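Chemist:
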Ligand code: X5A
Ligand code: ZN
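Residue numbers (the working numbering): 201 to 584.
1. Please work out which residues of its chain come closer than 7 Å, Cβ to Cβ, to residue 443, disregarding the five sequence neighbours upstream and downstream, and give them in chain order.
2. Given 7 Å as the limit, tell me if residue 352 has its C-beta closer than that to any heavy atom belonging to ligand 2.
3. Assuming contact is defined by CB atoms lying nearer than 8 Å, are residue 331 and residue 351 in contact in what I supplied?
4. On the DSSP letters alone, give me the boundaries of the beta strand (DSSP E) that residue 449 sits inside.
5. Got a sec: does ligand 1 put a non-hydrogen atom nearer than 7 Å to the Cβ of residue 224?
6. What's the gap between the Cα of residue 502 and the Cα of residue 239?
7. Within its chain, find whatever has a CB closer than 7 Å to the CB of residue 469; leave out the 5 residues flanking it on each side and keep chain order.
8. Counting only runs that start and end within the region 217-282, where is the alpha helix (DSSP H) found for 4 or more residues in a row?
9. Of all the options 412, 265, 266 and 323, which has the alpha carbon lying nearest to the alpha carbon of residue 488?
10. For residue 246 and residue 233, what's the separation of their Cα atoms in angstroms?
11. Counting beta carbon pairs with one atom in the region 453-467 and one in the region 291-306, are three or more of them shorter than 8 Å?
12. Which complete beta strand (DSSP E) runs does the region 294-361 hold, if anything under 3 residues is left out?
13. Can you grab the Cα-Cα spacing for the pair residue 599 / residue 448, in whole Å?
14. With a 10 Å radius around its C-beta and 16 neighbouring C-beta atoms as the bar for buried, classify residue 260 as buried or exposed.
15. Throw me the rounded Cβ distance for the residue 372 and residue 401 pair, which I believe falls under 8 Å.
16. Between which residues of its own chain and residue 223 is the CB-CB distance below 7 Å, once the five residues before and five after are set aside?
17. Residue 347: beta carbon under 7 Å from a heavy atom of ligand 3?
18. Comparing the CB of residue 493 with every heavy atom of ligand 1, is any distance shorter than 7 Å?
19. Cβ-heavy atom distance between residue 238 and ligand 1 below 7 Å?
20. Specify the secondary structure class of residue 466 as computed by DSSP and reduced to three states.
21. Within 10 angstroms of the Cβ of residue 403, are there 16 or more other Cβ atoms? Answer buried if so, exposed if not.
22. In three-state DSSP terms, what is residue 498?
23. Cβ of residue 375 within 7 Å of any heavy atom in ligand 2?
24. Relative to the C-alpha of residue 243, which candidate in 518, 535 and 509 has its C-alpha closest?
25. Compare the C-alpha of residue 360 against each of 340, 313, 472 and 386 and name the closest.
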């Protein structure tokens with residue numbers, strides 16, 4: 201259908217897995233993709249989308265973000281013995297290699313670009329790419345955090361180069377900080393990177409100093425990196441509108457969803473309908489959602505379905521009550537705001553946040569409800 205919602209998926213990306221024992225990596229399984237796709241098919245959502253085939257990213261496209269040495273090194277992995285693969289893996293953090301992961305990583309980056317092609321050329325209004333491996337932790341010369349090539353960063357550069365798009369917004373709602381995306385664009389004002397992530401004063405992976413709110417970008421890109429470490433919050437929607445993106449890409453991790461073994465949060469899957477809905481109001485609706493994390497095989501497919509439902513224009517579930525975050529989150533809001541004030545005149549006025557003290561207390565007490573708090577904070581920062 202014309203101007204519909206694109207779905208980019210290929211079963212080939214399920215054909216790699218962890219071949220040795222590694223407790224850190226065992227959650228990144230092929231079933232993440234199969235259950236998500238089956239849920240879209242079973243609910244009739246897949247039929248309502250326009251299927252776009254994947255393709256392999258070319259060398260030149262991968263080199264938009266990665267170094268030649270790194271690409272050449274990864275290219276050798278399909279021919280390695282198990283022993284060599286294990287050794288190759290050891291130089292990177294929280295990632296594994298497999299003889300077929302290089303092929304899948306090329307397809308994952310290619311899928312993100314296929315989605316950009318469809319949306320930017322106006323064949324579809326928006327869309328989602330279901331991919332493995334994820335991308336947002338991978339860096340110029342490093343695999344990291346289950347990621348090999350930085351799918352969304354490559355897609356952003358591709359959109360700029362091929363379609364002359366000047367301003368790309370990347371929203372990262374994965375529970376982890378996408379440091380790979382941040383490094384790629386930290387000195388570049390043409391890509392605004394906005395990430396919410398669990399941080400816990402550097403106790404949560406990837407445990408980086410530069411994931412904090414005071415990393416705002418460098419040189420010409422100062423003000424164009426916005427980090428909202430959990431449980432700190434910013435009124436960033438003014439900034440996002442002032443930036444006036446021509447294209448919005450989402451690093452869509454669903455590892456903040458309920459029951460996720462990695463995120464340990466409890467956002468209900470309908471939260472992702474709201475996030476999607478809010479982002480659909482930017483860039484004339486040009487929205488490309490690309491899968492990153494999400495490791496609970498029940499909540500992941502539900503979250504994916506909520507996202508695609510919303511992309512298709514179906515009514516969103518009743519809005520969650522926006523009564524708001526705790527005092528420490530409000531304090532942190534001020535931190536993010538003051539860190540960004542030198543760069544954005546729209547941050548000059550005070551945000552008006554309305555919260556009930558009773559609920560704030562309830563939600564700050566138990567770890568279990570952190571996801572709910574996070575959901576509210578996210579919605580609050582986007583709505584204001
Ligand atoms: C894409 C993603 C998480 C890696 C966690 C490693 N990666 N502890 O969610
Ligand atoms: Zn993640």
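Backbone N, C-alpha and C fix where the C-beta goes; we use that ideal spot for every residue, glycine too.
These numbers were taken from a predicted model, which means no experiment stands behind them.
Modeler: Reading off the structure:
1. Cβ neighbours of residue 443 beyond the five flanking positions: 367, 369 and 392.
2. no
3. yes
4. 447-452
5. yes
6. 7 Å
7. 457, 499, 502, 503 and 506
8. 231-242, 245-248, 259-262 and 268-275
9. Distances from the alpha-carbon of residue 488 to those of 412, 265, 266 and 323 put 323 closest.
10. Distance from the CA atom of residue 246 to the CA atom of residue 233, rounded to whole angstroms, is 14 Å.
11. When C-beta atoms of the region 291-306 are compared with those of the region 453-467, fewer than three pairs fall below 8 Å, so the two segments do not count as touching.
12. If we require 3 residues or more, the beta strand (DSSP E) runs fully inside the region 294-361 come out as 324-329.
13. Lying outside 201 to 584, the shown extent of the chain, residue 599 is not represented and no answer is given.
14. Counting Cβ neighbours within 10 Å, residue 260 comes out exposed, since fewer than 16 surround it.
15. At roughly 20 Å, the Cβ-Cβ gap does not stay under 8 Å, so residue 372 and residue 401 are not in contact.
16. None.
17. As far as ligands go, the structure on display features ligand 1 and ligand 2 and does not contain ligand 3.
18. For ligand 1, at least one heavy atom lies less than 7 Å from the Cβ of residue 493.
19. No - ligand 1 has no heavy atom lying nearer than 7 Å to the Cβ of residue 238.
20. Three-state DSSP puts residue 466 in coil, outside helix and strand.
21. Burial call: exposed.
22. coil
23. Between ligand 2 and residue 375, a heavy atom-to-CB distance of less than 7 Å is present.
24. 509
25. When only C-alpha atoms are compared, the closest one is 313.
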